Amino acid sequence: MKTLDQSQPSPASATACRTERLLFAISRREQELFLPGLDPDAMGEVAVEWYDPLDTTEPWPRVLRRFQPTIIIACWSTPLLPEPAAGQPLPRYVCHLAGSVRNVVPRWFIEQGGLVSNWGSAVCEQVAEQALLLALAALRNVSDWHSYIRDYGPLRANPALVLRTKSLYGRRVGIHGFGRIARALLDLLHPFRVDVAVYSDGVPPECILAHGATPLPSLGELFAQSEILFECEALTPHTQLSVTRNLLASLPDDAVFVNVGRGLTVDEAALKQEAASGRLRVALDVVHEEPVTSRTEMFSVNSAILSPHIGGPTSDEHPRCGEFALSNIQRYLAGEPVHARITLETFDRST
Numbered sequence: 189m190k191t192l193d194q195s196q197p198s199p200a201s202a203t204a205c206r207t208e209r210l211l212f213a214i215s216r217r218e219q220e221l222f223l224p225g226l227d228p229d230a231m232g233e234v235a236v237e238w239y240d241p242l243d244t245t246e247p248w249p250r251v252l253r254r255f256q257p258t259i260i261i262a263c264w265s266t267p268l269l270p271e272p273a274a275g276q277p278l279p280r281y282v283c284h285l286a287g288s289v290r291n292v293v294p295r296w297f298i299e300q301g302g303l304v305s306n307w308g309s310a311v312c313e314q315v316a317e318q319a320l321l322l323a324l325a326a327l328r329n330v331s332d333w334h335s336y337i338r339d340y341g342p343l344r345a346n347p348a349l350v351l352r353t354k355s356l357y358g359r360r361v362g363i364h365g366f367g368r369i370a371r372a373l374l375d376l377l378h379p380f381r382v383d384v385a386v387y388s389d390g391v392p393p394e395c396i397l398a399h400g401a402t403p404l405p406s407l408g409e410l411f412a413q414s415e416i417l418f419e420c421e422a423l424t425p426h427t428q429l430s431v432t433r434n435l436l437a438s439l440p441d442d443a444v445f446v447n448v449g450r451g452l453t454v455d456e457a458a459l460k461q462e463a464a465s466g467r468l469r470v471a472l473d474v475v476h477e478e479p480v481t482s483r484t485e486m487f488s489v490n491s492a493i494l495s496p497h498i499g500g501p502t503s504d505e506h507p508r509c510g511e512f513a514l515s516n517i518q519r520y521l522a523g524e525p526v527h528a529r530i531t532l533e534t535f536d537r538s539t
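When we follow my numbering, the leftmost residue of the sequence shown carries the number 189, and every step to the right adds one.
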């Protein structure tokens with residue numbers, strides 16, 4: 189395995205003795221989405237090459253051998269970085285325009301000193317916004333509005349009673365997971381005067397207390413007392429299917445379950461049964477098998493609210509993520525620390 193030479197100078201001092209080589213390894217659609225109107229000349233004294241993974245016949249390893257980039261701008265379509273051939277230098281920095289880097293950068297690249305960044309917390313507020321939207325939609329029983337208007341409207345039946353609408357104000361809220369999304373969600377929940385409890389394995393209780401929430405010692409206690417449960421935990425081997433049938437059964441009757449984390453943290457068959465029975469109100473932005481289609485397991489449950497994994501970024505926020513990435517490139521070229529750096533710890537907790 190190729191190892192980065194740790195004796196190499198910092199980017200700032202190295203610039204004087206080598207030319208940075210920047211490879212945009214993104215599709216045309218990704219460029220239009222994240223980097224509209226990009227002027228490559230604005231990158232300064234940098235050799236630039238474009239590689240569209242969706243519109244090329246040149247193999248990815250050959251591109252890397254030929255151009256030998258020191259910096260790669262990556263996105264969803266970028267192939268996984270392969271181990272280099274003998275004598276071939278590794279890129280020094282992979283700047284990912286999007287979130288999870290697992291399909292772009294192997295763990296060994298970070299272990300060997302490679303620098304990696306992503307969009308960081310740029311989309312966390314929007315995902316938290318989606319979580320709040322889903323909870324409110326479930327509480328107000330949005331899934332039944334159309335049928336009510338069709339079947340009850342002419343009878344002038346009391347809509348609040350028929351739809352069993354509920355308010356978020358003053359509720360007992362539980363959050364499983366305590367990353368950036370969960371913390372952004374806490375800020376959005378403050379005006380509703382809710383009592384928020386949190387469980388996240390490995391997060392110190394004092395960290396949760398510092399954000400104004402109550403830490404609980406177990407997932408069981410969190411579920412048993414939560415009228416609204418937000419699933420925000422990252423997917424790891426430890427958290428996969430950690431939300432079991434028994435945990436879902438321990439939620440109070442008519443509780444709301446919202447998932448904006450990862451579908452595979454939850455026993456989906458058990459969740460479907462709880463939603464289909466009407467005991468739980470379920471609203472999901474993520475499921476086991478994505479993308480969501482009409483064949484998705486939960487799609488057949490009329491009362492379940494499904495969004496097609498659109499928590500964030502919203503369509504108007506992609507250019508801001510692109511600007512964030514370009515500013516990180518400028519920091520790197522100036523020898524400054526990049527923002528939203530992916531460490532081994534954050535890599536292992538990502539999905």
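All C-beta atoms, glycine included, are put in the ideal place defined by N, C-alpha and C.
Keep in mind the model is a prediction, meaning the values are calculated, not measured.
Chain-order list of residues whose beta-carbon lies under 8 Å from that of residue i (same chain, five-residue window excluded)
i    : result
M189 : Reliability of the predicted coordinates at M189 is poor, the pLDDT of 41 falling under 50, and the value obtained from them is presented with this limitation in mind. Excluding sequence neighbours, M189 sits near E271, W296, Q300.
E419 : H364, G365, V431, F445, V446, N447, V448, G449, T453, V454
L303 : R280, Y281, V282, Y520, V526, R529
L429 : L452, T453, V454, D455
Y357 : F380, R381, V382
I396 : F366, V386, S388, T402, P403
L532 : R295, I298, E299
S198 : Per-residue confidence for S198 stands at a pLDDT of 44, beneath the threshold of 50, marking its modelled position as unreliable; no derived number is given.
P501 : W307, A310, V311, Q314, R508, C509
L320 : L373, L376, L377
Residue range of the beta strand (DSSP E) that includes residue i
i    : result
A274 : First-last for A274: undefined, no H or E at that position.
I260 : 259-262
R529 : It is not in any beta strand (DSSP E) - R529 carries neither H nor E in the DSSP assignment.
E237 : 234-238
L252 : It is not in any beta strand (DSSP E) - L252 instead sits in the alpha helix (DSSP H) that spans 248-255.
L211 : 208-213
Beta-carbon separation (whole angstroms), residue i vs residue j, contact threshold 8 Å
i    : j    : result
E505 : V311 : 7 Å
I363 : V386 : 5 Å
V361 : D389 : Not really, about 19 Å apart at Cβ, beyond 8 Å.
L211 : P257 : 4 Å
L459 : V480 : So it is not a contact: roughly 14 Å between Cβ atoms.
A323 : G367 : No, A323 and G367 are not in contact; Cβ-Cβ is about 18 Å, not under 8 Å.
S331 : S491 : 5 Å
R216 : D243 : 7 Å
R253 : A274 : Not quite, the Cβ-Cβ distance comes to about 11 Å (not below 8 Å), so this is no contact.
6 Å Cβ shell around residue i - same chain, five flanking residues per side excluded
i    : result
A528 : S305, N306, G308
R228 : First, the amino acid is wrong: residue 228 is Pro here, not Arg. Result list for P228: V236, in chain order.
G499 : V315, Q318, V448, D473
F411 : L435, S438, L439
A262 : A213, V282, H284, V292
T207 : A235
I260 : L211, A213, P279, V282
Own chain residues within Cβ distance below 7 Å of residue i, not counting five before or after
i    : result
P247 : none
A464 : V489
A352 : According to the sequence as given, residue 352 is Arg; it is not Ala. Hits under 7 Å: N329.
W238 : F212
I369 : C312, V315, A316, C420, V448
C391 : Looking at the sequence provided, one finds Val at residue 391 rather than Cys. Same-chain partners within the cutoff: F366.
R359 : V382, E415, I416
S406 : Y387
P540 : No answer is possible for residue 540: it lies beyond the span of the chain, which begins at 189 and ends at 539.
L268 : N291, V292, P294
P277 : Q256
Y340 : V350
R433 : D455, A458
Element boundaries [alpha helix (DSSP H), containing residue i]
i    : result
E394 : 393-398
E220 : 216-222
Residue i CB to nearest heavy atom of the ligand SAM below 7 Å
i    : result
V282 : Of ligands this structure carries none, so the ligand SAM is not represented either.
Self-check item: the stretch 468-476 / the stretch 438-446 touching (three or more Cβ pairs under 8 Å)
Solution: Two segments are said to touch when three or more pairs of C-beta atoms, one from each, lie closer than 8 Å; by this definition the stretch 468-476 touches the stretch 438-446.
Quiz item: What are the uninterrupted segments assigned as beta strand (DSSP E) that are 3 or more residues long and contained completely in the stretch 430-516, given in chain order?
Solution: Runs of the beta strand (DSSP E) inside the stretch 430-516: 444-447, 469-472.
Quiz prompt | Minimum length 3: unbroken beta strand (DSSP E) runs contained in the stretch 327-385 | solution = Listed in chain order, they are 360-364.
Quiz item: Residue ranges of each beta strand (DSSP E) run of no fewer than 3 residues wholly in the stretch 276-322, ordered along the chain?
Solution: Listed in chain order, the complete beta strand (DSSP E) runs (minimum 3 residues) inside the stretch 276-322 are 281-284, 303-305.
Practice problem: Give, in chain order, every unbroken run of the beta strand (DSSP E) that is at least 3 residues long and sits entirely within the stretch 400-428. | Solution: Counting only runs of 3 or more, we get 416-419.
Quiz item: Below 8 Å, can you find three or more Cβ-Cβ pairs linking the stretch 507-517 to the stretch 326-343?
Solution: Remark: fewer than three beta-carbon pairs, one from each stretch, lie closer than 8 Å, so the stretch 507-517 and the stretch 326-343 are not flagged as touching.
Quiz item: Are the stretch 399-407 and the stretch 371-380 touching, with three or more C-beta to C-beta distances below 8 Å?
Solution: Enough Cβ pairs lie closer than 8 Å, so yes.
Quiz item: Taking contact to mean at least 3 C-beta pairs separated by less than 8 Å, is the stretch 281-290 in contact with the stretch 336-351?
Solution: By the criterion of at least three beta-carbon pairs nearer than 8 Å, the stretch 281-290 is not in contact with the stretch 336-351.
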